[in-house]
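So the structure is just underneath, and the comments pick up after that.
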């Protein structure tokens with residue numbers, strides 16, 4: 007076997023590339039060894055792990071090759087070496103796949119070397135930033151965050167390391183006093199903040215999903231008001247923590263109310279210590295970096311470096327059958343936990359993806375993970391958020407009959423869902439926000455009778471087996487829906503016709519994609535307000551005024567819609583129950599309706615957002631005096647013809663502010 011170990015020296019100075027600042031990259035030496043594999047080494051063995059490692063390395067090398075072409079300072083000999091290794095590994099896989107086996111000595115070599123090489127390559131990729139506009143797949147606009155997503159998770163030694171000194175501080179006594187007065191469920195909610203770094207933003211939706219999985223939310227509790235939905239319950243709990251000064255809201259002027267929170271260092275250290283005393287989470291030890299440990303209450307937090315710990319490399323973890331929660335705080339390669347799945351009958355929460363809104367990469371072998379999910383029969387919450395290697399949700403994973411929350415946010419390579427998704431009979435939340443590669447939804451989704459929240463639904467020109475928007479009326483409990491429209495004949499009128507019978511729907515968000523093309527009829531309407539007589543057009547227009555939005559709809563968000571004027575049923579004077587309205591990114595909208603109402607409407611909208619509407623022409627006195635007299639919050643952005651508005655320099659107006 008011939009070996010060749012090239013050095014790959016990479017040194018980038020700090021400079022701007024595509025609007026981003028490149029970090030300095032220190033020289034990296036990678037022991038990439040070319041493998042000579044004569045036919046006598048092929049044997050009929052039953053160990054697939056070496057082949058999986060080869061595939062993983064092959065994919066990593068290919069990705070690194072794609073990344074490096076955007077960095078001019080990466081020397082040409084690196085690309086030549088990468089091409090050589092990728093081509094050779096392709097040949098190896100082609101030879102191996104028919105039998106799926108290798109010689110025992112070669113299998114041992116692969117286990118000992120290729121996994122380390124892959125991790126070094128992925129580490130190099132994390133330093134070579136690809137400009138956002140150059141990436142093949144982009145997160146959905148719904149999924150982007152204000153920080154640009156370039157901050158990693160840094161776990162520094164906390165104040166809690168000196169436990170005796172901390173216990174003598176007034177802040178610890180204050181936190182302990184408040185903690186002891188909380189109910190058992192709210193105590194667990196507060197201690198949940200121990201797993202996150204201090205001062206790190208924590209999103210409310212993520213907390214809600216997690217607490218549903220733990221069984222804290224979703225079941226009526228004596229200390230919560232009656233008939234609370236999980237969204238109401240999590241807000242109630244967090245508001246209580248705010249009043250007790252245990253957490254702080256993350257300021258965002260464009261939010262009517264906070265949806266992210268953080269915990270200051272001294273309070274966080276106190277909560278970490280209380281969590282350790284209660285046996286809930288156990289990540290920190292004095293003088294050590296955070297590490298993966300199973301707590302007394304059977305919770306496991308994966309932190310950076312967990313995949314290198316002895317527990318991760320052993321065939322099984324001690325008392326793995328008792329683990330109830332696995333939460334990935336900062337581990338990049340969490341797929342080692344597949345070893346626990348066969349014994350994971352107690353597991354209720356599996357959070358493998360990233361919890362923060364950033365671009366931190368998480369890598370898993372999706373085939374292996376999906377294959378072993380079926381044994382976790384008690385799982386209530388499963389999150390793959392932001393895992394780029396998830397391309398499908400397998401049929402074996404549909405055996406999770408107790409699953410309540412399935413979080414696939416930001417899995418931008420996810421292409422399909424299984425046809426028998428209806429086996430997830432307890433599913434209440436299905437979140438596919440940012441799954442841009444998803445082209446259709448299986449029809450049997452409409453059999454999920456308990457589904458209340460569906461995000462990331464797709465309306466497209468697809469086969470008859472795909473789920474149609476109108477069929478979602480069978481989901482009688484559906485109260486939140488977000489969808490993308492990629493059909494060329496599906497405008498505002500068609501949308502309203504499809505959803506008007508959604509009796510439980512309270513929130514709707516719609517974005518028209520690139521698949522929509524303007525019809526000749528619509529162009530004629532803009533040019534001369536004349537309607538070309540085509541088959542069925544006159545009938546459609548004559549009936550449009552008879553349709554209406556769902557009666558319980560409180561929030562409506564329309565993005566990139568193709569119409570130049572709102573249909574009659576969407577004009578302000580005809581929608582009396584809507585409380586929040588967002589119209590954005592329309593190139594054609596010119597007016598709300600045909601003529602200004604003679605007197606102020608009874609429109610109940612309190613929050614109005616108008617963004618990227620270049621042609622919309624309206625004045626403040628019309629907005630406030632006629633269309634939306636009850637408005638309390640107004641945001642405008644890139645709407646040059648929305649004039650005479652008393653907003654601040656950020657385009658924000660609040661009732662009672664000194665701006666008006």
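Numbering (the working numbering), first residue to last: 7 to 666.
For each residue, glycine too, the CB sits at the ideal point set by N, CA and C.
### Query
Are the beta-carbon atoms of residue 390 and residue 359 separated by less than 8 Å?
yes
### Query
Would residue 89 be called buried (16 or more neighbouring beta carbons within 10 Å of its own) or exposed?
exposed
### Query
When the Cβ atoms of the stretch 170-177 are set against those of the stretch 243-253, are three or more pairs found closer than 8 Å?
no
### Query
Just curious, the beta strand (DSSP E) that residue 3 is in, first and last residue?
Outside the displayed span of the chain (7 to 666) sits residue 3, for which this structure offers no information.
### Message
Could you give the first and the last residue of the continuous alpha helix (DSSP H) run that contains residue 216?
### Response
210-219
### Message
Quick check: the Cα distance between residue 550 and residue 493, rounded to an integer number of angstroms?
### Response
At residue 550, the pLDDT of 43 sits below 50, so the modelled position is not reliable; the number obtained from the coordinates is stated separately. Between residue 550 and residue 493, the C-alpha separation is close to 20 Å.
### Message
Considering only their Cβ atoms, is the gap separating residue 569 from residue 595 smaller than 8 Å?
### Response
yes
### Query
CB-CB under 6 Å to residue 207, same chain, minus the five flanking residues each way: which ones, in chain order?
256, 266 and 268
### Message
Mapping the DSSP letters down to three states, classify residue 419 as helix, strand or coil.
### Response
coil
#### Entry: Which of helix, strand or coil DSSP assigns to residue 342
helix
### Query
Exposed or buried, what is residue 672 when buried is set at 16 or more other beta-carbons lying within 10 Å of its beta-carbon?
One cannot answer for residue 672 here, as it falls past the ends of the chain, which runs 7 to 666.
### Message
On the criterion of 16 or more Cβ atoms from any shown chain inside 10 Å, does residue 183 qualify as buried, or is it exposed?
### Response
exposed
### Message
Helix, strand or coil, according to DSSP, for residue 361 in the structure here?
### Response
coil
#### Entry: Element boundaries [beta strand (DSSP E), containing residue 517]
513-518
### Query
Taking DSSP as the reference, what is the three-state secondary structure of residue 499?
helix
### Task
Thinking residue 559 and residue 582 are a contact (beta carbons under 8 Å), I'd like their distance in whole angstroms, please.
The Cβ separation is near 11 Å, so there is no contact.
### Task
Confirm, please, whether the CB-CB distance from residue 614 to residue 556 is below 8 Å.
no
### Task
Please go through the same chain and pick out, in chain order, the residues whose beta-carbon is closer than 7 Å to the beta-carbon of residue 262, but skip the five residues on each side of it.
613 and 639
### Query
Is residue 329 closer than 8 Å to residue 309 when the C-beta atoms are compared?
no
### Query
Per DSSP, residue 626 is paired with what?
According to DSSP, which records beta bridges pairwise, residue 626 is partnered with nothing at all.
### Message
For residue 281 and residue 192, what's the separation of their Cα atoms in angstroms?
### Response
13 Å
### Query
Is the distance from the Cβ of residue 378 to the Cβ of residue 396 below 8 Å?
no
#### Entry: Span of the beta strand (DSSP E), counted from its first residue to its last, around residue 653
It is not in any beta strand (DSSP E) - residue 653 carries neither H nor E in the DSSP assignment.
### Query
According to DSSP, is residue 453 helix, strand or coil?
helix
### Message
Using the three-state DSSP reduction, which class does residue 264 fall into: helix, strand or coil?
### Response
coil
### Exposure of residue 326, with buried meaning 16 or more beta-carbon neighbours within 10 Å
buried
### Beta-bridge partners of residue 590, as assigned by DSSP
565 and 617
### C-alpha gap between residue 299 and residue 238, whole angstroms
33 Å
### Message
Quick check on the burial criterion: 16 or more other C-beta atoms within 10 angstroms. Buried or exposed for residue 602?
### Response
exposed
#### Entry: Buried or exposed (CB count within 10 angstroms, at least 16 for buried), residue 203
buried
### Query
How many Å lie between residue 438 and residue 489 at the Cα?
10 Å
### Message
Could you compute how far the alpha carbon of residue 423 sits from the alpha carbon of residue 516?
### Response
21 Å
### Query
Per DSSP, residue 387 forms a beta bridge with which residues?
355 and 411
### Task
Just tell me which of 361, 651 and 340 has its CA closest to the CA of residue 643.
651
#### Entry: Straight-line gap, residue 276 to residue 222 (C-alpha atoms, nearest Å)
22 Å
### Query
Are the Cβ atoms of residue 460 and residue 436 separated by less than 8 Å?
yes
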